[in-house]
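Student: Quick one: the structure is below, questions incoming.
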Ligand SMILES: [Fe+2]
């Protein structure tokens with residue numbers, strides 16, 4: 015985007031607070047922050063500028079895999095990323111699922127309040143503690159987080175009480191609604207929506223750009239290079255961090271894998287993705303176990 019000189023002068027004046035600039039330009043403080051970031055990126059030599067990030071999908075708390083969470087936590091502490099993305103289905107919310115209605119055994123001891131409090135304590139607080147102060151934290155909604163909305167459609171008397179934002183401390187997180195895209199340079203993130211056999215092919219054909227997603231809990235990638243762009247584009251599904259055999263699967267075999275993504279994005283928008291696979295609670299990254 016083109017930023018006019020008069021705007022640029024105001025945005026680059028570090029003596030002016032973000033609030034003051036927002037007031038003078040008639041835009042939000044969030045927009046000021048984003049524009050200041052664009053200017054900062056423009057000034058860096060393209061080849062040298064690099065930001066790092068971590069993205070993890072499908073934790074399904076309280077059905078999370080504790081060993082996987084510990085590995086991700088250790089790696090996060092080590093990398094000190096610029097971006098930390100929870101890609102959706104962080105919460106399982108089985109206790110309010112329509113699929114579990116009337117199934118008293120499945121609902122035994124499951125409480126929405128405990129699920130929220132536990133996720134805050136065991137996941138959000140622990141990651142916030144190790145993430146650098148300037149890290150941009152994204153909380154993407156998945157189809158499981160949508161269960162709250164589905165319940166409120168039927169039981170509107172609970173509006174204002176049971177929403178995720180009312181029960182988790184997400185003040186420092188940017189919330190991305192389900193099915194919306196979050197982009198950094200040429201890399202795009204979604205929760206994921208297709209579960210067909212060749213979901214990566216389908217996702218790439220619909221989104222038409224590099225996209226990483228979860229939702230299916232398994233790994234699949236599809237790449238294509240168009241004659242005009244002459245650059246490969248890929249859609250890649252990254253595995254999950256939940257237990258691979260929750261009660262509702264009733265022991266059925268599945269192709270779920272334990273994985274997370276970390277990446278670098280360079281000043282020209284190009285990126286370098288790395289998917290780490292965890293098998294039986296063990297994972298080697300850069301020669302370290
Ligand atoms: Fe999921």
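In my numbering, the protein residues as written are 15 to 303.
The beta carbon of each residue, even a glycine, is placed where N, CA and C say it ideally should be.
(1) Tell me whether residue 97 sits in a helix, a strand or coil according to DSSP, three-state version.
(2) Kindly confirm or deny that the region 246-261 and the region 22-39 touch, where touching means at least three C-beta pairs closer than 8 Å.
(3) Between the region 90-109 and the region 197-205, are three or more C-beta pairs nearer than 8 Å?
(4) Express the C-alpha separation of residue 51 and residue 231 in angstroms, rounding to a whole number.
(5) Is it true that the CB of residue 226 sits closer than 7 Å to the CB of residue 70?
(6) Thinking just about the alpha-carbon of each residue, which of 137, 282 and 146 is nearest to the one in residue 182?
(7) Measuring only the C-alpha atoms, how far is residue 293 from residue 272?
(8) Is residue 141 helix, strand or coil by DSSP?
(9) According to DSSP, simplified to helix, strand and coil, what is residue 43?
(10) Taking the DSSP output, what are the residues bridged to residue 219?
(11) Less than 7 Å between the C-beta atoms of residue 161 and residue 107, yes or no?
(12) Which residues bound the beta strand (DSSP E) around residue 163?
(13) For a minimum of 3 consecutive residues, which ranges assigned as the beta strand (DSSP E) are wholly contained in the region 107-157?
Tutor: Well, looking at it:
(1) In this structure, residue 97 counts as strand in the three-state DSSP scheme.
(2) They do not touch, by the three-pair rule.
(3) Touching, yes.
(4) Looking at the two C-alpha atoms, the distance is approximately 34 Å.
(5) With respect to the 7 Å criterion, residue 70 and residue 226 are not classified as neighbours on the basis of their beta carbons.
(6) Ranking 137, 282 and 146 by Cα distance to residue 182 puts 137 first.
(7) Near 7 Å, if we compare the C-alpha coordinates of residue 272 and residue 293.
(8) Annotated three-state conformation of residue 141 is helix, per DSSP.
(9) Residue state, collapsed to three classes: helix.
(10) Per DSSP, none; premise fails for residue 219.
(11) Yes; because the gap between Cβ atoms is below 7 Å, this pair is in contact.
(12) That residue, residue 163, is in no beta strand (DSSP E); its alpha helix (DSSP H) goes 160-168.
(13) Here the runs fully enclosed are 150-154.
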